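Peer 1: Numbering (my numbering), first residue to last: 24 to 411.
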Ligand SMILES: [Zn+2]
Ligand SMILES: [Zn+2]
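#1: Where does residue 246 fall in DSSP's three states?
#2: The alpha helix (DSSP H) with residue 281 in it runs from where to where?
#3: Can we say the region 259–272 touches the region 232–240, given the rule of at least three CB pairs closer than 8 Å?
#4: Ignore the nearest five residues each way along the sequence and tell me which others in residue 359's own chain have a CB closer than 8 Å to its CB.
#5: Report the residue from 389, 79, 119 and 399 whose alpha carbon sits nearest the alpha carbon of residue 177.
#6: Does the Cβ of residue 268 have 16 or more other Cβ atoms within 10 Å, making it buried, or fewer, making it exposed?
#7: As an exercise, report each continuous beta strand (DSSP E) stretch of at least 3 residues that is fully enclosed by the region 115–167, in chain order.
#8: How many Å lie between residue 112 and residue 289 at the Cα?
#9: How about residue 231: is its Cβ closer than 7 Å to a heavy atom in ligand 2?
#10: For residue 252, count the other beta carbons within 10 Å of its own beta carbon; 16 or more makes it buried, fewer makes it exposed. Which is it?
#11: Could you pull the start and end residues of the alpha helix (DSSP H) that residue 233 belongs to?
#12: I need the DSSP call for residue 99, collapsed to helix, strand or coil.
#13: For a quick check, are the C-beta atoms of residue 309 and residue 270 less than 8 Å apart?
#14: Tell me the residue span of the alpha helix (DSSP H) that contains residue 385.
#15: Where does residue 148 land, buried or exposed, given buried means 16+ other C-beta within 10 angstroms?
#16: What span of residues does the alpha helix (DSSP H) with residue 199 cover, start to end?
#17: With distances taken from each beta carbon to the nearest heavy atom of ligand 2, which residues come in below 6 Å, in chain order?
#18: Relative to the C-alpha of residue 124, which candidate in 97, 100, 164 and 106 has its C-alpha closest?
#19: Closer than 8 Å is the cut-off here; do at least three beta carbon pairs connect the region 201–215 with the region 125–132?
#20: Are there three or more Cβ pairs, one per stretch, closer than 8 Å when the region 36–46 is compared with the region 149–158?
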């Protein structure tokens, strides 16, 4: 059976374990939450305890399952790994092996039939319906690096028991903390699981539908800062699909991305290391390429009254010049990093060249930004005037 036939066959078989579990706890929540609201008053300690549990689960999924295991964007001390393992298991999103496998397939085959949560198949498919379909056996080659590790083998082999145990510990802990047995189950377990699940699933659904594409236009992933609040920093998904090897998703310091701050903080304590980061000039070059693509598409959409060819040439010239200068600056900066300790005449000349290049790139970048703003927002009439 080839891949296409295999994918078609899968549409018709249901994963009963996943389906019954997901449907079952949603129904249980639907029945018990109104009952709990009527018969009891949720205490502040129950609400804050649940928020803390949920936040730690989301952090472990984004920081552990996603950035540590699926993408290997940094390394971490075994003690931190154990903590992330506990909270990631509590999140009830499958074993590290299955999660990382599906996620690597998503990146490798994004938007295609082999992407487990392919966004072009619709919101509900990418959000949760894909989990109700029977999946083929894990392809061990996709996660061969993870399979080698005994601790991860253990988590995968005993996942179901560990997941139940982690949830039991969280439930008992919250019950001891609040004294509210029913609340700890309905709010602390079911509501918490509901929020953690749907917030994670938004990354596969909404973060491929609702937002902008500043870094890559060739796939459905988008950047959306609103989503980054619900997904614990994973809302900068267009950046992530463009540079999946970066430990950050929100690449600017002010972009809300809790795992980024925690990983950075742990690195300062010596508990995380080998943090992988894409060079800012490489990021800028990709931004220019994506802008160029968007502007060309916009020019094609405009009426015949404007001089399409002249505008396209103008965009092409500006993009080529800016990209070339970014490349030269990157090469010079890399060379400077290798030579900076020498302190000879050549290094001084290189410093002067870099300063000059930075000024030129900054001016071209300003002009480029102005052009992007104009092309993407102006009317036909403004275009005709602008070129004359
Ligand atoms: Zn994605
Ligand atoms: Zn990813």
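From the three backbone atoms N, C-alpha and C, an ideal C-beta is built for every residue, glycine too. Since this is a predicted model, take the numbers as computed values, not measurements.
Peer 2: Quick look at the numbers:
#1: What you label residue 246 is simply residue 223 of the chain shown in a count that begins at 1. Of the three classes helix, strand and coil, the one that applies to residue 246 here is strand, per DSSP.
#2: What you label residue 281 is simply residue 258 of the chain shown in a count that begins at 1. Start and end: 281–291.
#3: Here the region 259–272 makes contact with the region 232–240; the two share three or more CB pairs at distances below 8 Å.
#4: Translated into positions along the chain shown, residue 359 becomes position 336. Contacts found: 370, 373, 374 and 377.
#5: Reading the chain shown from its first residue, position 154 is the one you call residue 177. For the residues 389, 79, 119 and 399, the minimum Cα distance to residue 177 belongs to 119.
#6: Taking the chain shown and counting its residues from 1, the one referred to as residue 268 is at position 245. Exposed is the label assigned to residue 268, since fewer than 16 other Cβ atoms lie within 10 Å of its Cβ.
#7: Look at the region 115–167 and you find no whole run of beta strand (DSSP E) that is 3 residues long or longer.
#8: Counting from 1 along the chain shown, the entry for residue 112 is found at position 89. Counting from 1 along the chain shown, the entry for residue 289 is found at position 266. Answer to the nearest angstrom: the Cα atoms are 21 Å apart.
#9: By 1-based counting over the chain shown, the position of residue 231 is 208. For ligand 2, not one heavy atom lies less than 7 Å from the Cβ of residue 231.
#10: Translated into positions along the chain shown, residue 252 becomes position 229. In this structure residue 252 is exposed. Its beta-carbon is surrounded by fewer than 16 other beta-carbon atoms within 10 angstroms.
#11: What you label residue 233 is simply residue 210 of the chain shown in a count that begins at 1. Run containing residue 233: none; DSSP gives neither H nor E here.
#12: The residue labelled residue 99 in the question sits at position 76 within the chain shown. If DSSP states are grouped into helix, strand and coil, residue 99 belongs with the strands.
#13: Here residue 309 refers to the residue found at position 286 when the chain shown is read from its first residue. Here residue 270 refers to the residue found at position 247 when the chain shown is read from its first residue. Residue 309 is not a Cβ neighbour of residue 270, given a cutoff of 8 Å.
#14: As a position in the chain shown, residue 385 is number 362, starting the count at 1. Per DSSP, residue 385 belongs to the alpha helix (DSSP H) from 368–400.
#15: Locating residue 148 in the chain shown gives position 125, where the first residue counts as 1. Answer is buried; the Cβ neighbour count reaches 16.
#16: In the chain shown, counting from the first residue as 1, residue 199 sits at position 176. 182–201 is the span of the alpha helix (DSSP H), which, as asked, contains residue 199.
#17: With the cut-off at 6 Å, the residues found are 89, 93, 94, 126, 130, 263 and 267.
#18: Here residue 124 is taken as the residue at index 101 of the chain shown, counted from 1. Here the closest residue by C-alpha is 164.
#19: Taking one beta carbon from each stretch, the region 201–215 and the region 125–132 have fewer than 3 pairs nearer than 8 Å; the two do not touch.
#20: Segments in contact, yes.
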